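Working notes for the structure below.
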Amino acid sequence: MLIVTVLAAVVALFSVFGRFDPATVEKAGVLMFPDLSDHVNEVTEIHVRDGEGTLTVRRGEKGWALDNKAGYPARDDRVRTAIIGLSELALSEPKTRLPERYADLQVEDVEADESKSVELFLRDEDGGDLASVIIGRRKFSYTDLAEGGLYVRRPGEAQSWFATGEFGARTDPIYWLKTRILDLPREEVAAMMTVQPDGTQLAISKASPDTPFFTVADLPEGARLRSPGAPDQLGAAMDGLDLADVAPVGEVDFSGDNLARAQAKTFGGLVVDVDMVGKDGKVWARFAASTATQATAEAVRQSQDINARLSGWAYQIKDYQIRNLRMPLAALLKPEGEEDGDDEYEGEFMDLRDFGVTP
26 MLIVTVLAAV VALFSVFGRF DPATVEKAGV LMFPDLSDHV NEVTEIHVRD GEGTLTVRRG
86 EKGWALDNKA GYPARDDRVR TAIIGLSELA LSEPKTRLPE RYADLQVEDV EADESKSVEL
146 FLRDEDGGDL ASVIIGRRKF SYTDLAEGGL YVRRPGEAQS WFATGEFGAR TDPIYWLKTR
206 ILDLPREEVA AMMTVQPDGT QLAISKASPD TPFFTVADLP EGARLRSPGA PDQLGAAMDG
266 LDLADVAPVG EVDFSGDNLA RAQAKTFGGL VVDVDMVGKD GKVWARFAAS TATQATAEAV
326 RQSQDINARL SGWAYQIKDY QIRNLRMPLA ALLKPEGEED GDDEYEGEFM DLRDFGVTP
């Protein structure tokens, strides 16, 4: 009698979870898409969708790019994670087959109400599906990284799985975009200038790369810098610039009274100009590179590379980076009456209202 009761309980348990299937259990430990590795070079399109929208990354003559962002280049590592990662995704443990439990794992159909799943398709040049998968929530292990993974389900199939591997995809364009715009290390900068929308300027310079600090041009009589290295923040303003969004440059009007500018010159003769305007509550920038008369070959190469990558595009840049690019002189000076060691200045240059933007 006891044995019958135990067996009945086991059958009931598997009935609840909907995964008592010996054939299914045998699949655990194998690749989810065992044939995909033979076709990874045939993938020309990554299509991702969720309850909020869709995104397409497409391979062209110049590499992978986002349709959703007018063909802006995509990150190779994200593409690799989607394609190679899916080809190496291993089924670890069968989970529920019951549709009413899919939402617990976030493997419900994308069309379902309040769906949190993501659906990914890998397609060939003819539009045929090489693989498709519904991506559910991740499971993290803080004691054993090898035990981490995610829940998945093939579209149209009842069986869901816990799978392991380096794999993921999102419909957020920033996840896919190459976000780095420009790297211009402070050590290479010989001069930097900002021009405010009202025409006021701030210019700093160094005589040589070995000069410890930048010199501020036209410093008012009696004005004191906050510190000898205060201008360094401006000198580093074009080092590590990252985009928050991107659009074709023709979609942003760079005329008008709220235009601000910045310019950097390197010791090698590279010149980078930045125009900045406000649009729809955000600040957008465009870039142009040129060279001085006595520029080095490396500066010429850098100029060509910058223009090839950045011309034709307008960039929304992170607020703190925009603030550095349009720094006024007041940001570098001790307020009148402030004693040495005091530093209560909150920074006029932190205010973006001149662009019609609320930080």
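Mind the numbering: the sequence shown is residues 26 to 384 in the numbering used here, read in order. Idealized CB from N, CA, C, for every residue including glycine. Predicted model only: the values in this text are computed from it and were never measured.
Residue i by DSSP, collapsed to three states: which one?
i: GLY174; result: strand
i: GLU118; result: strand
i: ASP257; result: helix
i: ASP278; result: coil
i: GLU86; result: coil
i: ARG179; result: coil
i: GLY43; result: Caution applies to GLY43, whose pLDDT of 46 falls short of 50 and renders its modelled position unreliable; the model cannot decide the point.
i: LYS164; result: strand
i: VAL132; result: coil
i: SER62; result: helix
i: VAL50; result: Low local confidence applies: a pLDDT of 48 at VAL50 is under 50, so the model's placement there is unreliable, and no value is given.
The alpha helix (DSSP H) that contains residue i, what's its start and end?
i: ASP330; result: 322 to 335
Quick test of your reading: residue i and residue j, contact by CB under 8 Å. State the CB separation rounded to the nearest angstrom.
i: GLN2; j: ARG122; result: Since the first and last residues shown for the chain are 26 and 384, residue 2 lies out of range.
i: ARG211; j: ASP257; result: 6 Å
i: ILE342; j: PHE312; result: In fact, because the Cβ distance is near 10 Å, the residues do not count as touching under 8 Å.
i: THR196; j: GLY110; result: Between GLY110 and THR196 the Cβ distance is about 17 Å, and since that is not below 8 Å, they are no contact.
i: PRO198; j: LYS94; result: 6 Å
i: ALA156; j: LEU56; result: Wrong, their Cβ atoms sit about 11 Å apart, outside the cutoff.
i: GLY173; j: SER142; result: Incorrect: roughly 19 Å between the Cβ atoms, too far for contact.
Bridge partners of residue i, per DSSP?
i: ARG286; result: VAL220, ASP300
i: TRP201; result: DSSP lists no partner for TRP201.
i: VAL158; result: LEU145
i: ASP208; result: ASP264
i: HIS72; result: THR81, PHE146
i: THR240; result: SER230
i: VAL271; result: TYR340
i: ARG311; result: ASP300
i: VAL214; result: THR291
Have a look at the options and flag the residue whose alpha-carbon is nearest the alpha-carbon of residue i.
i: GLN288; options: ASP282, ALA310, VAL277; result: ALA310
i: GLY275; options: ASP298, LYS304, SER252; result: LYS304
i: THR225; options: PRO353, ALA215, LEU91; result: PRO353
i: ALA355; options: THR219, VAL325, ILE342, THR79; result: THR219
i: GLU361; options: LYS307, SER280, PRO245, SER336; result: PRO245
i: MET214; options: LEU295, LYS343, HIS72; result: Here the sequence assigns Val to residue 214, which means Met is not the residue at that position. The candidate whose alpha carbon is nearest that of VAL214 is LEU295.
i: TYR345; options: GLY254, ALA314, LEU268, SER315; result: LEU268
i: LEU145; options: ARG351, SER112, THR236; result: SER112
i: GLU6; options: ALA90, GLY181, ASP154; result: The shown model of the chain, from 26 to 384, leaves out residue 6, and the question about it has no answer.
i: LEU80; options: TYR97, VAL65, GLU86, LYS87; result: TYR97
i: ARG126; options: THR106, TRP186, ALA156; result: TRP186
i: ARG105; options: LEU116, VAL82, ALA115; result: VAL82
i: ASP300; options: THR316, ALA320, ASP282, PHE292; result: ASP282
Determine the extent of the beta strand (DSSP E) in which residue i is found, giving its start and end residues.
i: LEU123; result: First-last for LEU123: undefined, no H or E at that position.
i: THR106; result: Taken as a continuous stretch (DSSP letters only), THR106 belongs to no beta strand (DSSP E), being part of the alpha helix (DSSP H) at 101 to 112.
i: GLN341; result: 338 to 342
i: LYS359; result: Here LYS359 belongs to no beta strand (DSSP E), and DSSP marks it neither H nor E.
i: LYS95; result: Just to set this straight, residue 95 is Ala in the shown sequence, not Lys. Note, ALA95: premise wrong, no beta strand (DSSP E); not H, not E.
i: THR189; result: 185 to 189
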